[in-house]
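Residue numbers (the numbering used here), protein chains in the order written: chain A, 752 to 891; chain B, 752 to 891.
There are 2 protein chains.
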Amino acid sequence: MEQRVSLVTLGVYDLARARSFYEGLGWSTGAGPDDDVVFFQAGGAVLALWDRASLADDSGVTDGGGWGGVTLAHNVRSPEEVDAVMAEARSAGARIVREAGDTFWGGYSGVFHDPEGHAWEVAHNPRWGLAADGSVELNP
Amino acid sequence: MEQRVSLVTLGVYDLARARSFYEGLGWSTGAGPDDDVVFFQAGGAVLALWDRASLADDSGVTDGGGWGGVTLAHNVRSPEEVDAVMAEARSAGARIVREAGDTFWGGYSGVFHDPEGHAWEVAHNPRWGLAADGSVELNP
């Protein structure tokens, strides 16, 4: 199995609300207005929004609701850019659960939840590389 | 906010078991044997394994246990490659929850759970592009 993730699908209760939130962050999708799955090209991977009950069924899981052990992160090039993205997220309607600040691991980050409760960390990690296309390199 | 995901962190109850599973799939990490976070370069992003309670605390969530609305996918170049990766996952100790087969959306896929219950779909989507480096393109 090659060492990569192709697609992250976020199960959502309200697709229109979730789509609006990511579009409010400046993301664009080719999905039609009535499509039941919304795909966003996300660097070399794809982020999808799909009905949470359908995703649970398709994934062979029982959904107890709430968070289930997965957090996403969006890495940027400087602490200032963390602040800027957190401000964008706030304006788009995110719930800010950790204001941006220095972290125990030597970086700078904040955490927001999208309207569906999915957690995103916005982070600057001075030890990781970030290529022009946004790819992250563990050992730059 | 640029349209990308840098890092997917999987919260785990048993780090050694989870690490072993991904290493059993042929993935390699630069993490030391006693590191409390295990990072895998995953294409232009990173997949991390970290203690689930620590991740919940860091992410500002209450963890009810179980699945929480996120499923990952690993896309490959042919149905035969789906079968091959599903076989590798089975050998590495995955729980197969949906055997590989034709899907309602016109592709071919199967689903496994890692030992921590995180869901992965292994998929061939004939409409998406897959570059030599494994990057997925929605509109090839």
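Note that the Cβ used here is the ideal one computed from N, Cα and C, for glycine as well.
Comparing alpha carbon positions, the residue from A:L800, A:S829, A:V756 closest to G795 of chain B is A:V756. Within the DSSP bridge table, the entry for Q792 of chain B names B:V797 as partners. Linking W778 of chain B to S771 of chain B through their CA atoms gives a straight-line distance of about 9 Å. In terms of beta-carbon proximity, H825 of chain B lines the interface with chain A, with at least one pair separated by less than 8 Å. Non-local beta-carbon contacts of T822 of chain A in its own chain, meaning distances under 7 Å to residues more than five positions away in sequence, involve A870, E872 in chain order. In this structure, DSSP gives A882 of chain A a state outside helix and strand, which the three-state scheme calls coil.
By the Cβ rule, the segment 801–814 of chain A counts as touching the segment 757–768 of chain A, because three or more pairs are nearer than 8 Å.
Within 8 Å of the CB of L889 of chain A, the CB atoms of chain B belong to G781, F790, Q792, V797, in sequence order along the chain. For the segment 846–857 of chain B, residues whose beta-carbon sits nearer than 7 Å to a beta-carbon of chain A comprise V848, R849. Here L758 of chain A is near V797 of chain A, since their CB atoms are less than 8 Å apart. Non-local C-beta neighbours of R828 of chain A in its own chain, meaning closer than 8 Å and more than five positions away in sequence, comprise H875, L881, ordered along the chain. Around the beta carbon of G852 of chain A, a 10 Å sphere encloses fewer than 16 other beta carbons of the protein chains shown; the residue is thus reported as exposed. By the Cβ-count criterion, S842 of chain A is exposed, with fewer than 16 other Cβ atoms from all chains shown falling within 10 Å of its own Cβ.
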